[in-house]
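S.K.: Chains as they are written, first to last, in this note's numbering: chain A, 3 to 254; chain B, 70 to 485.
Here a beta-carbon is modelled for each residue, glycine too, at the ideal position from N, C-alpha and C.
The structure is given below, and queries will be raised subsequently.
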Amino acid sequence: MLSIQNLHVQVEEKEILKGINLEVKPGELHVIMGRNGTGKSTLANVLAGRDKYTVPQGNITFNNESLLDKTPEDRACSGLFLSFQYPVAIPGVNNMYFLKAAVNAIRKSRGQDEMDAIDFLAMVREKLKEVALDESFIHRPVNDGFSGGEKKRNEILQMITLEPQLSILDETDSGLDIDALKIVAQGVNDYRSPERSFILITHYQRILNYMQPDFVHVLMNGKLVKSGTMELANELEEKGYSWIEKELTAAD
Amino acid sequence: MMESITTDSIRTSILSEEASLAWEYFKQEGYPNSTHENWRFSNPEPFLLKNAPVISEKLDFSRDEFDFLMHTDATNVFIVNGKVLVPETLPEGMKLIHYHSDIQEIHTNEKVGGVADIHASPFIAENTALFQSCTVINVTEGRKIEQPLHLIQINLGTGENRIFPRLLLNLQPGSQLHIRETEYSGDSHSWYVNGVTECIIHENAHLTWNTLQKRNEKSGQFSSFNAALEKDAALSYSSIELGCSFLRRDANIHLHSPGSDCSFNSLFLPSGKQHIDISTVMHHESPHCSSRQLVKGILADKSTGVFRGLANVYKEAEKTNAHQTNQNLLISPDARMNSIPQLEIYEDDVKCSHGSTTGQIDEDSLFYLQSRGISRKDGIQLMVKGFANEVVEKCNDETFSKIVSQAIESKLGGFL
Chain A
3 MLSIQNLHVQ VEEKEILKGI NLEVKPGELH VIMGRNGTGK STLANVLAGR DKYTVPQGNI
63 TFNNESLLDK TPEDRACSGL FLSFQYPVAI PGVNNMYFLK AAVNAIRKSR GQDEMDAIDF
123 LAMVREKLKE VALDESFIHR PVNDGFSGGE KKRNEILQMI TLEPQLSILD ETDSGLDIDA
183 LKIVAQGVND YRSPERSFIL ITHYQRILNY MQPDFVHVLM NGKLVKSGTM ELANELEEKG
243 YSWIEKELTA AD
Chain B
70 MMESITTDSI RTSILSEEAS LAWEYFKQEG YPNSTHENWR FSNPEPFLLK NAPVISEKLD
130 FSRDEFDFLM HTDATNVFIV NGKVLVPETL PEGMKLIHYH SDIQEIHTNE KVGGVADIHA
190 SPFIAENTAL FQSCTVINVT EGRKIEQPLH LIQINLGTGE NRIFPRLLLN LQPGSQLHIR
250 ETEYSGDSHS WYVNGVTECI IHENAHLTWN TLQKRNEKSG QFSSFNAALE KDAALSYSSI
310 ELGCSFLRRD ANIHLHSPGS DCSFNSLFLP SGKQHIDIST VMHHESPHCS SRQLVKGILA
370 DKSTGVFRGL ANVYKEAEKT NAHQTNQNLL ISPDARMNSI PQLEIYEDDV KCSHGSTTGQ
430 IDEDSLFYLQ SRGISRKDGI QLMVKGFANE VVEKCNDETF SKIVSQAIES KLGGFL
């Protein structure tokens, strides 16, 4: 589904990612862990199409189509979704209006009819229940005055409403209390299916107590230096990242 | 300098004494120019139309031609070139009087000119000397008028003209009124409009005033909204400014007695070479009063905008709450905005704040929308409309907000 080959990424002349390789197949949940500043969010943003990054080398394909020359909106319409680490507040834009515009933009790109307000509201009401949010929530301006937990739940609400094939969750677990964390994890688990894939970027092993990842990768020095399963995450939780650093130096 | 205005033009009928005093003051001051601090970024000169005739009525006005401006859920009142066409029926408790040159005396508790100070601006002085006709609206004590009153201000003529509309609104204690005002050009000529509105909001009275300004893009308008609020009175004022080649809108609000409250909102959307200047003075004259100003500009093409806002907290006006926000969105690299928020505080025990930001479309927000499948173009529209919405929502009037939103959307369609 997603194939990243030798991806190099620069921001303002500085190389952040130095040759990432990753294959994500349908139904898989990949976890990318790593210290602050290792480029985890850069990877997420490059996948979603943020234009402040340059890609001097490498390629990304999504469903066998090159992703890099597509606009962010085209990527979204082709089934890619990014849950933002810091969701942006847009004062004055009603959450429901925004979500309806997004749903209809994606439906239009798929050759489907636009949803009318009544059908849309009925659908969103169901989705709201899944992330334990009150209906008043969608009548507020997008992320404006939302608490940290509300913002992240709003991201999950958007995910389950837009129904992407590949969801990239950029630190969707950070800043959440245990109840909110469970709701977010449950939202993701309920959304999992043999056709849908996930890349979960996180600092902590904590959210993995509620999810079953297929692969865990460590991002360090701009590369995925180690891959494993849930055991690797447990090991990182226990020992931190320095032992991997030592392994790498020893290998050099 | 006032070529076609002779002393004959000065009103000799109603309030003739006030007229000659105002004229004296106006002659002495003259029109302002950019050397005056208050006019530093706005040059009225090209829009004064000093040789154009002063008119005060339009005899062959046909209401049918402008029925598209009427609101079905409101009492519609046409004011053509400053002359009000008194409707046959009005809500109970409301009186509408038309004062003109045939009437020698003004029968109202409040004097015309009691709130609009001729010294505040030469344009107020000029209007006070030259208006030929004055609309006075009075709401009886304790009367809450449910149906909105829609004032449709139209200018209509056969060439360049000057008009001086004048309106006095008197809300007796405990009364309530909701006003909508549409300012419209009935033709495509250049006009010079100098309008003065005065509102006296007595104890416990509540006024909502919403204006949609859609003059043609050749006209120059110099208008002032002047209000005095008595004890526990409340005013919610909003203006949506879309038209005019040059607009200067002054608001002089006097929080005259304790407990009065004013919310002042304005949204302006110049494009092309339009120039819009919103200038407010919030006089906190009494303790325990509050004011909130929200002024937003969306500037396209080579347009220019000015916001000059002053919260003036008088001595002994303790427990004042005065807040002022000005936000501007530049849609084009050639648009220019000058923002001068000011606070003058002569009392210690007060809460005051002001803030002003001017910027372009936020790329982070736009990326967020795009990442949800919304095209860049639609995303910009959504954000700009959202930016405008904050002011539209302050109007607290569903019908008006709908009309305004459509007008904004159609204007935005021209450049987004």
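Should T144 of chain B go down as buried or exposed, given a rule of 16 or more other Cβ atoms within 10 Å for buried?
M.R.: buried
S.K.: Assign R132 of chain B to one of two classes, buried (16 or more other C-beta atoms within 10 Å of its C-beta) or exposed (fewer than that).
M.R.: exposed
S.K.: When you compare only the Cα positions, how much space is there between M71 of chain B and E310 of chain B?
M.R.: At M71 of chain B the pLDDT is 46, less than 50, meaning the model places this residue with poor confidence; the figure from the coordinates comes in the next sentence. Near 29 Å, if we compare the C-alpha coordinates of E310 of chain B and M71 of chain B.
S.K.: Per DSSP, K180 of chain B forms a beta bridge with which residues?
M.R.: Answer is none; K180 of chain B lacks a bridge partner.
S.K.: Please determine if the stretch 46-53 of chain A and the stretch 430-450 of chain B are in contact, where contact requires at least 3 C-beta pairs separated by less than 8 Å.
M.R.: yes
S.K.: Are the beta-carbon atoms belonging to V144 of chain A and I62 of chain A less than 7 Å from one another?
M.R.: no
S.K.: Along the stretch 362-390 of chain B, where does the CB come closer than 9 Å to a CB of chain A? Name the residues.
M.R.: none
S.K.: Hey, does E75 of chain A have any beta-carbon neighbour from chain B nearer than 7 Å?
M.R.: yes
S.K.: Please check if any C-beta of chain A sits within less than 7 Å of the C-beta of N279 of chain B.
M.R.: It does not: the Cβ of N279 of chain B has no partner Cβ on chain A nearer than 7 Å.
S.K.: Since G289 of chain B contacts R235 of chain B with CB under 8 Å, what's their CB separation in whole angstroms?
M.R.: Not really, about 18 Å apart at Cβ, beyond 8 Å.
S.K.: Interface residues of chain A around F456 of chain B at Cβ under 7 Å?
M.R.: G94
S.K.: Strictly under 7 Å for the Cβ-Cβ distance: is S434 of chain B near chain A by that measure?
M.R.: yes
S.K.: Let's see if you can read the secondary structure: which residues bound the alpha helix (DSSP H) around S85 of chain B?
M.R.: 85-98
S.K.: Under 7 Å between the Cβ atoms of L435 of chain B and G448 of chain B?
M.R.: Contact annotation: L435 of chain B and G448 of chain B have beta-carbon atoms nearer than 7 Å.
S.K.: Please report the distance separating the alpha-carbon of R208 of chain A from that of G242 of chain A.
M.R.: 14 Å
S.K.: At the level of alpha carbons, what is the spacing between Q495 of chain B and D433 of chain B?
M.R.: Lying before the first or after the last residue shown, residue 495 of chain B is absent from chain B, which here runs from 70 to 485.
S.K.: Please report whether the beta-carbon of I223 of chain B lies at a distance below 7 Å from any beta-carbon of chain A.
M.R.: Contacts with chain A at 7 Å (Cβ-Cβ) do not include I223 of chain B.
S.K.: Classify H105 of chain B as buried or exposed, calling it buried when 16 or more other Cβ atoms lie within 10 Å of its own Cβ.
M.R.: exposed
S.K.: When burial is assigned at 16 or more other CB atoms within 10 Å of the CB, is S305 of chain B buried or exposed?
M.R.: buried
S.K.: Going by DSSP, name the residue or residues bridged to Q393 of chain B.
M.R.: B:Q362, B:H423
S.K.: Less than 7 Å between CB atoms is the rule here; does L37 of chain A satisfy it with respect to chain B?
M.R.: Residue 37 of chain A is actually Arg in this sequence, not Leu. The beta carbon of R37 of chain A sits no closer than 7 Å to any beta carbon of chain B.
S.K.: Tell me the rounded alpha-carbon separation between S307 of chain B and N279 of chain B.
M.R.: For S307 of chain B and N279 of chain B, the distance between alpha carbons rounds to 5 Å.
S.K.: Within its chain, find whatever has a CB closer than 8 Å to the CB of A103 of chain A; leave out the 5 residues flanking it on each side and keep chain order.
M.R.: none
S.K.: Whole-angstrom Cβ separation of N196 of chain B and N263 of chain B, contact assumed at under 8 Å?
M.R.: Right, their Cβ atoms sit about 5 Å apart.
S.K.: Between N102 of chain B and the rest of its own chain, which residues show a CB-CB distance below 8 Å, the 5 nearest in sequence each way excluded?
M.R.: W108, N112, P113, E114
S.K.: From S195 of chain A to E247 of chain A, what does the alpha carbon distance come to, in whole angstroms?
M.R.: Straight through space, the alpha carbons of E247 of chain A and S195 of chain A are spaced by roughly 35 Å.
S.K.: Looking at the structure shown, is R112 of chain A part of a helix, part of a strand, or coil, going by DSSP?
M.R.: coil
S.K.: Alpha carbon to alpha carbon, how far is Q282 of chain B from K213 of chain B?
M.R.: In this model, Q282 of chain B and K213 of chain B are separated by some 26 Å (Cα to Cα).
S.K.: Tell me which residues share the same chain as L210 of chain A and place their Cβ nearer than 6 Å to its Cβ, disregarding the 5 neighbours each side in the sequence.
M.R.: A235
S.K.: Whose C-beta lies closer than 8 Å to the C-beta of E15 of chain A among residues of the same chain, with five residues either side of it excluded?
M.R.: Excluding sequence neighbours, E15 of chain A sits near nothing in its chain.
S.K.: For the alpha helix (DSSP H) that contains Q282 of chain B, what are its first and last residues?
M.R.: Looking at the DSSP string, Q282 of chain B is not in any alpha helix (DSSP H); the run it does join, the beta strand (DSSP E), is 275-283.
S.K.: How big is the Cα-Cα spacing for V460 of chain B and M213 of chain A?
M.R.: 45 Å
S.K.: So does the stretch 161-172 of chain A actually touch the stretch 68-85 of chain A, counting three or more Cβ pairs closer than 8 Å?
M.R.: yes
S.K.: I'd like to confirm the pairing. Which residues does DSSP put opposite G243 of chain B in its beta bridges?
M.R.: Per DSSP, none; premise fails for G243 of chain B.
S.K.: By Cβ distance below 8 Å, which residues in the same chain neighbour K480 of chain B in space, the five residues on each side in sequence not counted?
M.R.: L311, L338, S340
S.K.: Contact criterion: CB-CB distance below 7 Å. Does E459 of chain B meet it with respect to chain A?
M.R.: yes
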